[in-house]
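Going by this note's numbering, the residue at position 160 of the sequence shown is 161; the numbering climbs one at a time, nothing skipped. Even glycine gets a Cβ: it sits at the ideal position worked out from N, Cα and C. Values in this document were obtained by computation on a predicted structure and should not be read as measured data. Notes follow the structure.
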Amino acid sequence: MKRQVIQNVLNLPGISGMALIDGRNRPFFFGPDISLNSQQQDALAQGIQQVVETTPAHFDTFTFRFAHQLAHIYKLDQGLILLVLINDQMPLTDYRTAIGQLKATLVEAPHNAVPTFRLLAGCVTLGSSVGAAEIPAAEAPQAEPAASNRGTLTPSCREVIESLNHLSEGATQYLGTTMVINTWKQSRPAHPWLEQFEVQKDGHFTVAANSEISLTAEQHQWVKDWVTAFLGRGGRTIRNFQTLVAGQTLTPQEQLLLLGPPPRA
Numbered sequence: 002m003k004r005q006v007i008q009n010v011l012n013l014p015g016i017s018g019m020a021l022i023d024g025r026n027r028p029f030f031f032g033p034d035i036s037l038n039s040q041q042q043d044a045l046a047q048g049i050q051q052v053v054e055t056t057p058a059h060f061d062t063f064t065f066r067f068a069h070q071l072a073h074i075y076k077l078d079q080g081l082i083l084l085v086l087i088n089d090q091m092p093l094t095d096y097r098t099a100i101g102q103l104k105a106t107l108v109e110a111p112h113n114a115v116p117t118f119r120l121l122a123g124c125v126t127l128g129s130s131v132g133a134a135e136i137p138a139a140e141a142p143q144a145e146p147a148a149s150n151r152g153t154l155t156p157s158c159r160e161v162i163e164s165l166n167h168l169s170e171g172a173t174q175y176l177g178t179t180m181v182i183n184t185w186k187q188s189r190p191a192h193p194w195l196e197q198f199e200v201q202k203d204g205h206f207t208v209a210a211n212s213e214i215s216l217t218a219e220q221h222q223w224v225k226d227w228v229t230a231f232l233g234r235g236g237r238t239i240r241n242f243q244t245l246v247a248g249q250t251l252t253p254q255e256q257l258l259l260l261g262p263p264p265r266a
């Protein structure tokens, strides 16, 4: 799956939002006008699946008006469904080309399409195709401080997975595999992007995406929040859990990646 293809579609003028549904994974909704909570997303996805199941087999695309928008639904391979919301100002020629490329890249691996799409879309900067002259002058000065505050390059998914697995191995010595798995699941913050990180039966993590993709600063912070919550919950069972596990298991580089710099004395 190609990130640039997703970037091209999401940055088309007139795109309001997108969703990818397969009936196996949590549906993924993304876009500037998507404001549904998880229960609403599940209900909408279920409704779309029911509609698709009742349509004739030769219907692979259909459209309906939803409020002030047009909703396009595309039936893809292996039960994969793509929903795209557009407004009336959408240039249709550009849209058809971009959507054709998106459908082609989604069906390259339909069984992993939703988690992979979730990861890649999370790395997309909305509006990045807008020219500098089109950015309001009042907003321009904000871009540089936001970039400089990050200080260092964000880690790749591979680095995050390796560090999380190392932390899990250390925690397993004190809590056992089953409790480690449950503690990770119970402490995960409510960010849909984090749902692509799956804890396996051995307590290790996997993610269905290109492991070399770098996280955004916001995604990196979500990971650190998750680790902090995990260590805090484990501390309810084992005294000095963070010191025992993070302090003695993680390398200094891994501690910086998962927890951030230590507080100043």
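Nearest to Ala-46 by alpha-carbon distance, out of Leu-81, Asp-61, Ala-218 and Pro-253, is Leu-81.
Assignment of Leu-84 by DSSP, reduced to helix, strand and coil, places it in the strand class.
For the 8 angstroms CB-CB criterion, Gly-32 and Gly-18 form a contact. Taking Leu-86 as reference, the option from Phe-63, Val-108, Leu-107 and Gln-102 with the minimal CA-CA separation is Phe-63. Boundaries of the alpha helix (DSSP H) around Phe-231: 218–235. Each residue's CA atom was taken as its position, placing Glu-255 and Glu-54 some 47 angstroms apart.
Annotated as distal: Trp-223 and Trp-185, with beta-carbon spacing of 8 angstroms or more.
Of the candidates Ala-230, Gln-201, Ile-182 and Cys-158, the residue whose Cα lies closest to the Cα of Ala-191 is Ala-230. Under the three-state reduction of DSSP, Ile-74 is assigned to strand. Boundaries of the alpha helix (DSSP H) harbouring Met-180: 178–188, taken from the DSSP string. In the three-state DSSP reduction, Leu-13 falls in the coil class, being neither helix nor strand.
Residue pairing by DSSP places Leu-21 opposite Phe-29 and Leu-83 in a beta bridge. Counting along the chain, the unbroken alpha helix (DSSP H) around Pro-253 starts and ends at 253–260. For Asp-78 and Gly-236, the gap between their C-alpha atoms comes out near 46 angstroms. The distance from the Cβ of Leu-165 to that of Leu-251 is about 10 angstroms, inconsistent with a contact at the 8 angstroms cut-off. Assigned with DSSP and collapsed to three states, Thr-55 falls in coil, not helix or strand.
In the DSSP assignment, Arg-97 falls within the alpha helix (DSSP H) that extends over 93–107. Taking the Cα of Leu-120 as reference, the smallest distance to any Cα among Glu-219, Ile-214 and Thr-56 is reached at Ile-214. Checking the DSSP bridge columns, you'll see Val-200 partnered with Phe-206.
For Thr-250, the three-state secondary structure derived from DSSP is helix. Classified as exposed, His-59 has fewer than 16 neighbouring CB atoms from the shown chains inside 10 Å of its CB. Distances from the CA of Asp-61 to each of Gln-249, Thr-94, Thr-179 and Gly-101 were compared; the closest alpha carbon is that of Gly-101.
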